[in-house]
Amino acid sequence: MPRPENPEYPRRDEKVFISPEVLELYTKIHVLLKRADYLPQVFSLYANKPIPEPNTSPIQFRQQNPKSVKNAISSKLANEALEIALEQKNLSLALAIIDTTFCAPAFTRAKLLKNAAVPLAGLATAPLASYVVATWAASMQNTMDPSMATGITFTATLAYIGFTSSVGVIAIATSNDQMERVSWAPGIPLRNRWLREEERGALDRVAVAWGFKDPYRRGEEEGEEWESLREFIGIRGMVLDKTELMEGMQ
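Going left to right, the sequence shown walks through residues -9 to 240 as our numbering numbers them.
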């Protein structure tokens, strides 16, 4: 039987259940040791490894849904693992970490649930709140019929909420101040841009780490690894070194 300190122990032993606590501890230990080679496989197993059923003999297993929110890797752990790959200048490892964390469907679902649930709930209750406000406002005036005043106020309030919400969403989804070398390709929906911003940011970090430090030499990089990175970024619906975002090309 493999020893628990063996880095392959969570992978090889099918009876080992990778809980969130185990995953966090395993990742932190390997980050401290600067040995991130097994982390992409462990991240993948965390979402795909069959779960042993308790009180079964022989042990029975059930499949888990890799797209489930509970199987999302946190941004904190993913960034810590990615930092080690960047320090070691291991491009294949860096891309594998990004692919098994930020690119996973579970990550985007978790982000949607965590960051969009409250705003969406607010929008869902907006009509009722608007009607309550409209009824109160109509009762405070005597220049027109209350029902007409309620309808006008209700419509105006909903229009205001819809307009300001749309402007806010567009502003968040189209902002590019945080983009350095990797930006979105034309035609990517705003919803996808927001959901996948952490993925784009991680690839941006990889491009900055592998490319020239001098901003005026960016775009001159060559080599097999650089072309592999450019191809991976292109497949993901992004652009490496968009001309209008480069120094001196604005």
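Yeah, the Cβ is synthetic: ideal placement off N, Cα and C, and Gly gets one too.
Residues in the same chain with beta-carbon distance under 6 Å from residue i, minus the five sequence neighbours each way, listed in chain order, please.
| i | result |
| --- | --- |
| residue -6 | A caution first: residue -6 carries a pLDDT of 46, below 50, which makes its placement in the model too unreliable to give a value. |
| residue 229 | 173 and 175 |
From residue i to residue j, what distance separates their C-alpha atoms?
| i | j | result |
| --- | --- | --- |
| residue 96 | residue 75 | 22 Å |
| residue 181 | residue 45 | 44 Å |
| residue 203 | residue 27 | 26 Å |
| residue 143 | residue 131 | 12 Å |
| residue 12 | residue 88 | 20 Å |
| residue 140 | residue 59 | 42 Å |
| residue 212 | residue 219 | 11 Å |
| residue 221 | residue 48 | 47 Å |
| residue 64 | residue 216 | 28 Å |
Using C-beta distances below 8 Å, list every residue in its chain close to residue i, excluding the 5 sequence neighbours before and after it, in chain order.
| i | result |
| --- | --- |
| residue 73 | 21 |
Going by beta carbon distance, what residues of the same chain come within less than 7 Å of residue i, once the five residues before and after it are set aside?
| i | result |
| --- | --- |
| residue 57 | 95, 96 and 99 |
| residue 232 | 173 |
| residue 53 | 40 |
| residue 147 | 120, 123 and 124 |
Please look up how many angstroms separate the CB atoms of residue i and residue j, rounded, as I've assumed it's under 8 Å.
| i | j | result |
| --- | --- | --- |
| residue 36 | residue 19 | Rounded, the Cβ-Cβ distance is 15 Å, inconsistent with contact. |
| residue 125 | residue 70 | The pair is not a contact, with the Cβ atoms about 53 Å apart (cut-off 8 Å). |
Count the other CB atoms, across all protein chains shown, that sit within 10 Å of the CB of residue i; report buried if there are 16 or more and exposed otherwise.
| i | result |
| --- | --- |
| residue 120 | buried |
| residue 61 | buried |
| residue 91 | buried |
| residue 25 | exposed |
| residue 225 | exposed |
| residue 66 | exposed |
Are there any heavy atoms of the ligand GDP lying less than 7 Å away from the beta-carbon of residue i, as far as the coordinates show?
| i | result |
| --- | --- |
| residue 156 | As for the ligand GDP, it is missing from this structure, which has no ligand bound. |
Tell me, please, whether the segment 150 to 162 touches the segment 192 to 210 by the rule of three or more beta-carbon pairs shorter than 8 Å. no
The segment 187 to 198 contacting the segment 165 to 172, beta-carbon criterion three pairs below 8 Å: yes
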